[in-house]
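In mature numbering (1 follows the signal peptide of the UniProt record, and there is no 0), the protein residues as written are -22 to -1, 1 to 308.
Report on one structure; see the data block that follows.
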């Protein structure tokens, strides 16, 4: 009998039957995980370890696959799909996350963290809990905050130890008003441009330097044209391993505990792998003749950021409490 032969009631029953038949597939808990990075990367290894532990500890009740290199879509698309439960879990940079979760913008403020270790403590403590509440309100359960390194300054002129050393320098930054304001506040000339243009621009003196984490600095060969790397660690933007609240709510309390523990273990593994990767990159650039210096006193830089924070809080007064929580955390 064709579609025309179906009455409204019969058609509705057929559709209901189709939904019921689809339900067992969802109950099988075959998870899909989103990841933007290549398979051989600290984040990717952390995610694979997470999925493997969940599968093992649930005796195969929950299985899944991590899809690397953004094959399930861009980060904004993947965030939305994870919120809807179409993707079960993912690992997201908190930088672009601010469009969906306003609290996430706080970690993009310059010098909001004092060091990588302090960032770890903050994200594992009360500031991270406050951010996690913002994520949960948008349908994402944070399982752990991964390390994406710290961005520091590098240039072709000389070491940077104080804000005064940046005065007059042309520094490439990402196209974000916060980062432009950061350089301007120190008397430098912020120059937004595509990342692919940085090497040639430093080589031809279009800009004097840029800023990024050690693996990016090394892997792009920017150290060849900018042999001074100064550990300002002005931007430390963590990433989050998160599960869809819709997926989370289908789990038993015992399964939720397994997933939480696997997330924590995965986070510790990823942070260790990232540290190893940074160490390797620094060894490579030092061997190539790069002068690396630590900026021991960050206070003058943080002081110089006051106008940046004032401008941000004037535009986002509801973020004042969480900004203070991050700033005052030791």
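Cβ atoms here follow ideal geometry from the backbone N, Cα and C, with glycine treated the same way.
Just confirm the distance between the C-beta atoms of residue 110 and residue 217, as a whole number of angstroms; I'd bet it's less than 8 Å. About 14 Å separates the two Cβ atoms, so there is no contact after all.
Q. From which residue to which residue does the alpha helix (DSSP H) around residue 33 run?
A. 20 to 35
Cutting at 6 Å between CB atoms, please list the residues of its own chain near residue 80, excluding the five before and the five after it. none
So, under 8 Å CB-CB, residue 65 and residue 134 are touching, yes? Tell me the CB distance rounded to an integer number of Å. Taking 8 Å as the upper bound for CB-CB distance, residue 65 and residue 134 are not in contact here, some 43 Å apart.
ask   = In chain order, what residues of the same chain lie with their CB nearer than 6 Å to the CB of residue 315, ignoring the 5 residues before and after it?
value = With the chain represented from -22 up to 308, any question about residue 315 goes unanswered, as that position is not in the structure.
Assuming contact is defined by CB atoms lying nearer than 8 Å, are residue 60 and residue 244 in contact in what I supplied? no
#### Entry: Whole-angstrom distance between residue 50 and residue 56, CA atom to CA atom
7 Å
Apart from the five residues just before and just after residue 226, which ones in its own chain have a Cβ nearer than 8 Å to its Cβ?
119, 234 and 237
Item checked: the stretch 154 to 165 touching the stretch 255 to 263, judged by at least three CB pairs closer than 8 Å -> no
Check your understanding: How about residue 68 and residue 12: are their beta carbons less than 8 Å apart?
Key -> yes
| query | Relative to the ligand HEM, is the shortest distance from any of its heavy atoms to the C-beta of residue 136 smaller than 7 Å? | reply | With respect to small molecules bound, the structure shown includes none, and the ligand HEM cannot be examined in it.
- request: Please determine, among 53, 46 and 176, the residue with the shortest C-alpha to C-alpha distance to residue 77.
  value: For residue 77, the nearest C-alpha among the options comes from 53.
In terms of alpha-carbon separation, which member of 98, 108, 144 and 97 lies closest to residue 279?
If you compare the alpha carbons of 98, 108, 144 and 97 with that of residue 279, the shortest gap goes to 144.
Over what stretch of residues does the alpha helix (DSSP H) that includes residue 256 continue unbroken? 231 to 265
- Can you list, in chain order, the residues of its chain whose CB lies under 7 Å from that of residue -2, leaving out five sequence neighbours each side? The predicted position of residue -2 is uncertain, since its pLDDT is 37 and thus under 50; no value can be drawn from it.
- Task: Quick one: residues in its chain with C-beta nearer than 6 Å to the C-beta of residue 4, no 5 flanking neighbours on either side, listed in chain order?
- Result: Low confidence applies here, because residue 4 scores a pLDDT of 38, under 50, leaving its location unreliable; read the following figure in that light. Nothing meets the Cβ criterion.
* **Coil, strand or helix - residue 17 by DSSP** => coil
**Prompt:** Mind checking whether residue 242 and residue 106 have CB atoms under 8 Å apart?
**Reply:** no
Inset, instruction - Give the DSSP bridge partners of residue 45, in chain order. - result: 12
When you compare only the Cα positions, how much space is there between residue -8 and residue 254?
With a pLDDT of 40 at residue -8, under the threshold of 50, the modelled position of this residue cannot be trusted; read the value that follows with caution. Whole-angstrom Cα-Cα distance: 54 Å.
Among the residues of its own chain, which have a CB less than 6 Å from the CB of residue 268, if the five just before and after it don't count? Closer than 6 Å at the Cβ level, and outside the excluded window around residue 268, lie 201, 205 and 207.
Margin query: Is it the case that the stretch 27 to 35 contacts the stretch 169 to 186, given that we only count it when at least three CB pairs across the two stretches are under 8 Å?
Written below: Between the stretch 169 to 186 and the stretch 27 to 35 there are fewer than three inter-stretch CB-CB distances shorter than 8 Å, so the stretches are not counted as touching.
First and last residue of the beta strand (DSSP E) that includes residue 311?
-> The chain is shown only over -22 to 308; residue 311 falls outside these bounds and no answer can be derived.
Contact the stretch 85 to 97 vs the stretch 169 to 176: 3+ CB pairs below 8 Å
no
Round the Cβ separation of residue 150 and residue 171 to the nearest angstrom and send it over; I've been treating them as touching at under 8 Å. 5 Å
- Element boundaries [alpha helix (DSSP H), containing residue 166]: Here residue 166 belongs to no alpha helix (DSSP H), and DSSP marks it neither H nor E.
- prompt: If you draw a straight line from the C-alpha of residue 276 to the C-alpha of residue 114, how long is it?
  reply: 33 Å
query = In whole angstroms, what is the alpha-carbon distance linking residue 152 and residue 283?
reply = 17 Å
Requested in this report: Would you mind stating whether residue 14 and residue 48 have Cβ atoms separated by less than 8 Å?
Outcome: In this structure, residue 48 lies closer than 8 Å to residue 14 by Cβ.
Going by beta carbon distance, what residues of the same chain come within less than 8 Å of residue 103, once the five residues before and after it are set aside? 307
| query | With 16 other CB atoms within 10 Å as the buried threshold, where does residue 263 fall? | reply | Burial state of residue 263 is buried, judged by a 10 Å Cβ sphere holding 16 or more other Cβ atoms.
Point to revise | Unbroken alpha helix (DSSP H) run spanning residue 188, endpoints | key: That residue, residue 188, is in no alpha helix (DSSP H); its beta strand (DSSP E) goes 187 to 190.
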